[in-house]
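Report on the following structure.
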Amino acid sequence: MKTRLASLLFLAAALSTPAFASGKLESPVAVRVSQAGSHVERGTPRVAVYAHLGTPSRQLSPEVWAYDGYKADTDAVNDRGCDTLIISFVNHRVADLKLANRAAVQSIAAELKLNRARAIAAAR
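Taking my numbering as reference, the numbering of the sequence shown is continuous, increasing by one, and the terminal residue is 125.
Structural data, given as structure tokens:
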């Protein structure tokens, strides 16, 4: 039963994620960055991130925030559509920063949903 529930949730997440963007298949691209602006880097407290960047565009989970409208310092990253800043927290501090394109954001969100579904299924 647990396996079936997890499989159904995975299938639902996969089907809800569009495979095509702008008429062509978009590959997921996420690039680690060392900082966001001059105030947010690894180790920055969550409250400081909120103070400097404001409310996230969306929360992929309580520990993973997404901010739209960011640009990299390199054209190669910008050309791949990596305009969403993904911030991951561990113990209320920034653990990881990435710039990601839409396909990568959708992939990360689907993986987080699957992990939550597995945790719920395992707890039963």
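By construction, the Cβ of each residue, glycine as well, lies at the ideal position given by its N, Cα and C atoms.
**Request:** Measure the beta-carbon distance from glutamate 50 to cysteine 83 and round it to whole angstroms, keeping in mind my assumption that it falls under 8 Å.
**Result:** By one-based count along the sequence shown, residue 50 stands at place 49. By one-based count along the sequence shown, residue 83 stands at place 82. In the sequence under discussion, the amino acid at residue 50 is valine, which differs from the glutamate named in the question. The Cβ separation is near 19 Å, so there is no contact.
**Reduced DSSP secondary structure (H/G/I, E/B, other) of arginine 59** = Your numbering for residue 59 matches position 58 in the sequence shown. Three-state DSSP puts arginine 59 in a strand.
**Where the alpha helix (DSSP H) containing serine 108 begins and where it ends** = Within the sequence shown, residue 108 is the residue found at index 107, counting from 1. That run of the alpha helix (DSSP H) goes 103-124.
**Message:** Please classify isoleucine 1 as buried or exposed, where buried requires at least 16 neighbouring CB atoms within 10 angstroms.
**Reply:** Limits of the chain in this structure are 2 at one end and 125 at the other, which puts residue 1 out of reach.
**Request:** Tell whether a beta-carbon distance below 8 Å holds between alanine 67 and threonine 56.
**Result:** As a first step, residue 67 must be located in the sequence shown, where it is residue number 66. As a first step, residue 56 must be located in the sequence shown, where it is residue number 55. Using a Cβ distance threshold of 8 Å, alanine 67 and threonine 56 do not count as a contacting pair.
**Message:** I'd like the span of the alpha helix (DSSP H) that includes alanine 49, first residue to last.
**Reply:** Taking the first residue of the sequence shown as position 1, residue 49 is located at position 48. Per DSSP, alanine 49 belongs to the alpha helix (DSSP H) from 47-54.
**Asked** According to DSSP, what are the bridge partners of lysine 99?
**Response** Counting from 1 along the sequence shown, the entry for residue 99 is found at position 98. Partner(s): Arg33, Ile87.
**Message:** Report the CB separation of leucine 98 from valine 34 in whole angstroms; it is logged as a contact under 8 Å.
**Reply:** Indexing the sequence shown from 1 puts residue 98 at position 97. Indexing the sequence shown from 1 puts residue 34 at position 33. Right, their Cβ atoms sit about 5 Å apart.
**Request:** Alpha carbon to alpha carbon, how far is aspartate 69 from serine 108? Give it in angstroms, no decimals.
**Result:** For the purposes of this step, residue 108 is taken as the residue at position 107 of the sequence shown. For the purposes of this step, residue 69 is taken as the residue at position 68 of the sequence shown. Cα to Cα, serine 108 sits roughly 16 Å from aspartate 69.
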